[in-house]
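Counting along the sequence shown from 1, when you hit position 21 you're at 127 in the numbering used here, and nothing is skipped either side. C-beta: ideal position from N, C-alpha, C; glycine also. Quantities reported herein were computed from a predicted structural model and do not represent experimental measurements. Worksheet for the structure shown next.
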Amino acid sequence: MKKSLLLIFALFTVFVLEGVAQQNSKERLPLKHGAHRIGKRTDTEMQRWREYGLGQFIHWGVYAIPGGQWKGKTTTYAAEWFRSSGLITKEEYDNLYKEFNPTDFDAKQWAKQAKQMGAKYMIFTTKHHDGFCMWPSKYTDYTIANTPYRNDIVKEIVDAYTAEGIDVYLYFSIIDWSHPGYQGGKGITNDDRKMWINYDPFNNKEEKDRYETFKEFTRNQLIELLTNYPAAKGLWFDGSWDGAWMKEAAWVDKLGEELRNMHPGLIIGSRFRADELGKRHVDANGDLIDDYDQRFERNLPNTLAEVGGNDWDCVMTVPENQWGYHRDWSLTYVKTAYDLIEMTVKANALDGNFVINFGPDGKGSIRSEETKIAKEVGEWMAVNGSAVYGTHHSVLDKQDWGYSTQKEDNIYLSVFNKPMNNLVRVKVPKSKDKDMIFVIEKAEFLSLKKSASVQNGGRDKTGSLYYDIVIPKEIQKTDKPFVIKIKLKEVNKGDKEAYQQALT
Ligand code: FHN
107 MKKSLLLIFA LFTVFVLEGV AQQNSKERLP LKHGAHRIGK RTDTEMQRWR EYGLGQFIHW
167 GVYAIPGGQW KGKTTTYAAE WFRSSGLITK EEYDNLYKEF NPTDFDAKQW AKQAKQMGAK
227 YMIFTTKHHD GFCMWPSKYT DYTIANTPYR NDIVKEIVDA YTAEGIDVYL YFSIIDWSHP
287 GYQGGKGITN DDRKMWINYD PFNNKEEKDR YETFKEFTRN QLIELLTNYP AAKGLWFDGS
347 WDGAWMKEAA WVDKLGEELR NMHPGLIIGS RFRADELGKR HVDANGDLID DYDQRFERNL
407 PNTLAEVGGN DWDCVMTVPE NQWGYHRDWS LTYVKTAYDL IEMTVKANAL DGNFVINFGP
467 DGKGSIRSEE TKIAKEVGEW MAVNGSAVYG THHSVLDKQD WGYSTQKEDN IYLSVFNKPM
527 NNLVRVKVPK SKDKDMIFVI EKAEFLSLKK SASVQNGGRD KTGSLYYDIV IPKEIQKTDK
587 PFVIKIKLKE VNKGDKEAYQ QALT
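Shown next as structure tokens:
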């Protein structure tokens with residue numbers, strides 16, 4: 107009896123283990139062009155990226171000349187997509203560069219302003235979807251070299267920002283409406299593997315051959331950018347959702363390797379390439395493609411679970427969806443500096459970087475609304491930046507007054523909803539040891555640089571231990587978010603004084 111029971115048990119175990127093994131091999135697909143690394147990059151360049159906290163994006167190109175308006179008509183379309191707005195003919199748009207002469211442009215001034223805002227990195231549109239190159243590319247005539255301005259704007263930007271200690275990333279659009287070989291608008295979205303494998307983005311051989319010239323052109327331009335601007339830290343891709351590009355998984359993957367080899371430490375986000383099954387950002391196994399996740403454009407995540415342990419950034423417009431210069435900002439809600447500060451802190455509390463977009467006008471001036479935002483964000487960051495730079499999510503749960511970030515054992519409480527009773531109630535984590543509790547050992551308001559008073563704690567309905575930090579008079583009337591830096595200490599419940607302080 108015993109023997110037969112043992113036999114049944116052994117058979118059952120083999121059956122279960124085999125099932126699990128089969129299941130695993132079914133789940134993990136043997137991808138050649140999916141993620142080439144599981145988990146985060148650990149090198150110094152990527153560690154530096156992770157610590158930026160706040161960045162600046164600049165969308166600038168010939169679309170800044172019309173600024174969303176043409177012949178008395180205004181579009182609500184994104185200004186940088188003006189060529190497709192219907193207000194201008196393609197021919198008119200494609201001749202705008204002949205007027206591009208941004209005599210007010212001062213890269214050093216822009217870089218100073220970005221530094222004052224607190225940006226640690228910046229992303230610049232070297233070429234947006236229209237294909238106009240802000241550098242004198244030798245692979246097309248549609249460049250800054252053939253405008254009345256003529257100077258290499260990318261060089262001016264890279265030099266000026268690098269001199270201010272701000273790392274530069276080169277935005278590059280895969281979509282290029284100016285190249286005859288570019289194959290646009292033929293993406294398919296489906297989850298059917300076979301359908302994707304059989305999908306042909308071309309209508310005929312001629313189209314396919316033309317696309318080969320586009321691929322070579324794109325490769326040449328990327329090599330040119332990294333050769334001309336070696337100080338750039340990374341490439342920020344856009345427009346890679348194009349169906350023909352997505353079908354080139356092997357070729358794009360090889361190009362990525364080539365670019366990385368020529369520029370050690372190069373940082374590339376998840377928008378460069380798809381895997382061989384047409385999956386973007388994360389591959390068909392669910393692993394992040396390349397170095398950081400770019401899916402959170404204008405759309406911050408709300409929980410750590412959503413970011414899946416990956417590095418990520420969120421790029422954000424100031425009006426609703428205008429990246430390039432639009433003359434009329436009355437058309438949508440315009441974010442305030444404090445909206446953007448809250449987003450910055452929220453992103454960092456969820457292990458991401460936050461990037462604020464600017465769209466200078468056709469003459470090269472940054473609009474007054476953006477200058478005001480840069481100033482207000484900068485003033486806040488100058489006092490409270492330690493809650494952002496180099497921080498990550500904290501050991502505290504999310505609480506109603508705002509967001510918490512952490513660097514080493516400093517925890518930063520960024521308060522955006524000031525409690526009416528002027529007490530910031532801080533729930534501390536539960537100790538893993540049943541004999542220990544956490545107490546707030548030190549608390550300091552960053553803007554005051556003096557210790558804050560922590561009132562006796564208590565337990566809320568869920569049994570969580572909390573302490574109240576008193577908002578001092580100097581801050582009670584503020585209409586701005588503020589930061590309290592705290593340190594926690596684990597003490598024995600038997601330590602009478604600390605325990606008493608925590609429970610009364
Ligand atoms: O279509 C573009 C848009 O114009 C803008 O450049 C943004 C910035 O991330 N990217 C695309 C939309 O995802």
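Expected contact under 8 Å - CB spacing of residue i and residue j to nearest Å
i       : j       : result
Lys-583 : Val-545 : Rounded, the Cβ-Cβ distance is 30 Å, inconsistent with contact.
Ile-472 : Val-530 : With 8 Å as the limit, Ile-472 and Val-530 do not qualify as a contact, their Cβ atoms being about 36 Å apart.
Gln-162 : Val-461 : 7 Å
Gly-173 : His-432 : 6 Å
Thr-511 : Val-451 : 7 Å
Gly-224 : Val-483 : 6 Å
Thr-253 : Phe-211 : Wrong, their Cβ atoms sit about 12 Å apart, outside the cutoff.
Distance cut-off 6 Å: residue i Cβ against heavy atoms of the ligand FHN
i       : result
Asp-247 : no
Val-421 : yes
Asp-574 : no
Glu-186 : yes
Glu-426 : no
Trp-429 : yes
Glu-403 : yes
Asp-344 : yes
Closest Cα partner of residue i within the set the options
i       : options                            : result
Val-424 : Asp-434, Trp-418, Asn-416          : Asp-434
Lys-146 : Gln-327, Asp-397, Glu-205, Tyr-203 : Asp-397
Ile-543 : Asn-367, Arg-154, Glu-312, Gly-600 : Gly-600
Gln-606 : Lys-524, Pro-535, Tyr-572, Phe-588 : Tyr-572
Lys-586 : Pro-336, Ser-520, Tyr-439          : Ser-520
Asp-457 : Glu-550, Gly-167, Leu-160, Ser-570 : Leu-160
Arg-401 : Ala-443, Ser-346, Asp-515, Glu-186 : Ser-346
Lys-300 : Asp-541, Gly-384, Ile-144, Gly-178 : Gly-384
Tyr-275 : Glu-322, Pro-336, Phe-522, Pro-307 : Pro-336
Pro-535 : Ala-338, Pro-208, Leu-502, Glu-364 : Leu-502
Ser-500 : Glu-151, Lys-593, Gln-327          : Lys-593
Arg-325 : Glu-364, Asp-506, Asn-405, Glu-580 : Glu-364
For residue i: DSSP bridge partner residues
i       : result
Ile-575 : Val-530, Val-560
Asn-516 : Lys-513
Ala-380 : Arg-386
Trp-418 : Asp-399, Gly-458
His-499 : Thr-511
Gln-175 : Thr-180
Trp-342 : Tyr-277
Glu-596 : Phe-544
Val-260 : Val-260 is not bridged to any residue.
Val-589 : Ser-520
7 Å Cβ cutoff met for residue i and residue j
i       : j       : result
Asn-416 : Asp-399 : yes
Val-258 : Pro-242 : The amino acid at residue 258 is misidentified as Val; the sequence shows Asp. Contact flag set, yes.
Ala-350 : Tyr-305 : no
Tyr-169 : Gly-430 : yes
Arg-379 : Val-358 : yes
Phe-320 : Gly-362 : no
Ala-220 : Ile-272 : yes
Glu-382 : His-139 : yes
Trp-155 : Ile-395 : no
Ile-479 : Asn-528 : no
Tyr-248 : Ser-284 : yes
Asp-282 : Gly-237 : yes
Lys-489 : Ser-553 : Sequence check: residue 489 is Val here, not Lys. Closer than 7 Å, so yes.
Met-368 : Leu-332 : yes
Residue i CB to nearest heavy atom of the ligand ZN below 6 Å
i       : result
Ile-229 : In the structure shown, the ligand ZN is absent; the only ligands present are the ligand FHN.
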